[in-house]
Amino acid sequence: MTTPPSENTGFTASRARLWDAPRCAASRWLPKTMTRPCAGCSLLPRQNGFTLIEILAVLLLLGILSAVVVVSLSGTRRRAQSEDVAQELAFFDRLTRQDARRSMRPSMVIFDLDRQEIQRVDAQTQEPRGQVLRLAGGSGSGALRIEQILWGAQHVSAGQVSLPYSDQGISPSYALLLSGPSTAGGGAAGGGQMWVCFAGMTGQSRILRDAGAVNSLFGAIRDAAP
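Plus 2 on top of the position in the sequence shown (first one is 1) and you've got our numbering.
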């Protein structure tokens, strides 16, 4: 008597053929539950990643870029600070001239290079007029400071200098040498220093970084004096 074929005979034979087939991940006709990679299959996806040398190269590049950005921002900040100090000095000079004209009394500006302070006083009574100006750079070892004052034939780098202003607000032409980290970046000619020059008649200020240009300017002023 022949045994009737079972209903699952076809399905069982199909499963047997599938299991006998190569278990290759690239064979898309296999169900996921039945797929297992074959050892020699060249179509398996590669597990790509960064090597140690590539990672080190990226870190080195990031470090270089960070250093460039920090140096650029530091130079910008130092230049801005030195320009702020120059503007403070110009404003102080302008106030001194205006005060002398308004009061019709001669004034005097005292530069204390040791204490790095500038004060305006009455030329006759020596009474203070206005507040004492201290440089924005502070008083630390890396602060911006006045290294030298040039007016007429005098070059003063220590002690006090008294600069007279007439009752018409006219003073001798003078220049202040600012030095410190904030003036760095002025180039080889400036040597990291900055001169703030003031015209005695008008009070107009000008920034120069070349010491030779400053000496030539004041040499011409001395030659033109009667």
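Virtual Cβ for every residue (Gly too), placed ideally from N, Cα, C.
P130 is bridged by DSSP to V123.
In the structure shown, F220 falls within a helical segment according to DSSP collapsed to helix, strand and coil.
With a cut-off of 8 Å on Cβ pairs, the stretch 129-139 is not in contact with the stretch 162-173, counting fewer than three such pairs.
A straight-line Cα-Cα distance of about 19 Å links V87 and S175.
Here D95 is buried, its C-beta having at least 16 other C-beta atoms within 10 Å. Setting aside the 5 residues that flank it on each side, F200 is surrounded in the same chain by D95, Y176, S207, each with a C-beta closer than 6 Å to its C-beta; the list follows chain order.
Pairing R99 with G214 gives a Cβ-Cβ distance that is not under 7 Å. Following the DSSP letters along the chain, one finds I209 inside the beta strand (DSSP E) bounded by residues 207-210. Using a Cβ distance threshold of 7 Å, G171 and R107 do not count as a contacting pair. Pairwise C-beta distances place the stretch 126-134 out of contact with the stretch 151-160, as fewer than three of them are shorter than 8 Å. In the DSSP secondary-structure assignment, Q195 is bridged to S181.
Cβ neighbours of L97 within its own chain (closer than 8 Å, five residues either side excluded): R122, G132. The C-alpha of V198 lies about 11 Å from the C-alpha of S181.
Taking the C-beta atoms as reference points, M110 is found nearer than 7 Å to A125.
In this structure I120 is buried. Its beta-carbon is surrounded by 16 or more other beta-carbon atoms within 10 angstroms. For I112, the three-state secondary structure derived from DSSP is strand. Taking a 10 Å sphere around the C-beta of Q195, we find 16 or more other C-beta atoms and assign the residue as buried. Close CB contacts of D114 within its chain, under the 6 Å cut and outside five residues either way in sequence, are with Q162 (chain order). For R107, the three-state secondary structure derived from DSSP is coil. In the same chain as D169, and ignoring 5 residues on each side of it, the C-beta atoms closer than 6 Å to its own belong to A102, M106, R107, P108, in chain order.
Nearest to V216 by alpha-carbon distance, out of M203, H157, S173, is H157.
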